[in-house]
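This report concerns only the one structure given below.
Protein chains: 2
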Amino acid sequence: MPKSSKVLSDATLGLVAQRFRAMGEPMRLRLLMLLQENERTVSDLVAQLHTSQANISKHLQVLTACGLLARRKHGLNVFYAIADPRIFDMCDMVCGSIKQQHSERAKHLG
Amino acid sequence: MPKSSKVLSDATLGLVAQRFRAMGEPMRLRLLMLLQENERTVSDLVAQLHTSQANISKHLQVLTACGLLARRKHGLNVFYAIADPRIFDMCDMVCGSIKQQHSERAKHLG
DNA sequence: TGACAAGATAACTGCATGGTTATGTAGTAA
DNA sequence: TTACTACATAACCATGCAGTTATCTTGTCA
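So the protein lines, in turn, are chains H and U. Counting from 1 along the first sequence, just add 55 to a position and that's the residue number in the numbering used here. Counting from 1 along the second sequence, just add 55 to a position and that's the residue number in the numbering used here.
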């Protein structure tokens with residue numbers, strides 16, 4: 056039985072690709088990491104990352120549109136939060152894979 | 056202790072982003088899915104996917120460059136294979152998350 | 001040698017996208 | 001109302017990148 060993605064429709068495949076692409080941007084990864092602990096306002100995120108507020112808003116829009124972030128308004132502030140914490144497991148997987156390959160490559164060279 | 060990616064250098068973050076971006080392309084996801092069972096030659100992959108050989112080669116180059124695929128030459132043929140099968144766990148996670156959110160959204164509407 | 005087949009690569013085109021600046025749109029407070 | 005703050009969005013620019021066609025390069029076989 057297809058434990059893993061065997062046959063996917065073009066539509067589903069597009070959605071999956073969209074998510075990966077959303078996570079394939081350093082600034083957006085930084086945003087996700089900042090939101091790992093708790094929800095944050097836009098201005099809070101702008102204060103942490105050294106870029107314009109417009110840029111942050113656009114990245115947040117991308118992450119929200121593909122279902123990675125949740126949005127909550129409260130007065131003047133807008134709070135963003137991680138929609139599905141599993142994304143961090145994915146980050147860990149990628150990190151682990153990279154480190155592993157890196158060490159293997161070092162062994163081959165040494 | 057940082058079980059998950061807490062503080063990452065710009066370089067590492069770039070590598071992680073690069074991997075996600077590599078997986079954020081429908082055609083490349085198709086390639087990975089085709090390679091899930093066994094290694095395949097380029098012409099084999101070209102025969103399965105309806106696009107040019109040049110295009111396939113370029114996508115294979117992207118996937119190989121970021122460590123997702125392994126390359127093996129044998130005579131005239133070049134075989135590509137999955138370098139780290141964990142990527143399929145990641146695909147499953149994304150698929151699961153998408154389906155879950157989709158069903159939740161359906162519940163909210165119904 | 002030459003002919004051919006499998007892949008890689010170069011050059012090009014069009015579209016997507018990250019970043020900026022400037023402006024618009026709530027929501028709050030006087 | 002006016003003024004201010006937090007955020008979103010529009011317009012624009014430069015770069016990146018998927019796809020194409022055409023051209024290498026490499027290996028096999030006559």
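For every residue, glycine included, the Cβ atom is placed at its ideal position computed from N, Cα and C.
| Item | Value |
| --- | --- |
| Neighbour flag for U/Q103 against chain H, beta carbons, 8 Å | no |
| 7 Å Cβ shell around U/I111 - same chain, five flanking residues per side excluded | V97, L100, V101, L104 |
| Chain H contacts made by the stretch 137 to 163 of chain U, where a contact means CB separation under 7 Å | D139, R141, F143, D144, M145, C146, D147, M148, V149, C150, S152, I153, Q156 |
| Contact the stretch 135 to 146 of chain U vs the stretch 123 to 131 of chain H: 3+ CB pairs below 8 Å | no |
| Meets three-Cβ-pair contact criterion under 8 Å: the stretch 85 to 96 of chain U and the stretch 74 to 91 of chain H | no |
| Neighbourhood of U/I137 by C-beta distance below 6 Å, restricted to the same chain and skipping five residues each side | L90 |
| Cβ of U/R76 within 8 Å of any chain H Cβ | yes |
| With 16 other Cβ atoms within 10 Å as the buried cut-off, status of U/L131 | exposed |
| Selected residue, minimal CA-CA separation from H/G151, among U/V71, U/V62, U/A66 | U/V71 |
| CB contact check: H/L70 to chain U, cutoff 8 Å | yes |
| Proximal residues of chain H, C-beta to C-beta of U/E80 below 7 Å | A72 |
| Segments assigned alpha helix (DSSP H), at least 4 residues, entirely inside the stretch 81 to 122 of chain H | 81 to 89, 97 to 103, 108 to 120 |
| Where the alpha helix (DSSP H) containing H/L124 begins and where it ends | Taken as a continuous stretch (DSSP letters only), H/L124 belongs to no alpha helix (DSSP H), being part of the beta strand (DSSP E) at 124 to 129. |
| Cα-Cα separation, U/R95 to U/Q116 | 14 Å |
| Minimum Cβ-Cβ distance from U/L174 to chain H less than 8 Å | Summary: the structure shown does not reach residue 174 of chain U, with chain U confined to residues 56 through 165, and so no result is reported for it. |
| Test: U/G130 CB closer than 8 Å to a CB of chain H | no |
| Residues near H/S107 by beta carbon distance below 8 Å, same chain, minus five either side | V101 |
| Per-residue burial, H/H163 [other beta carbons within 10 Å of its own, 16 or more giving buried] | exposed |
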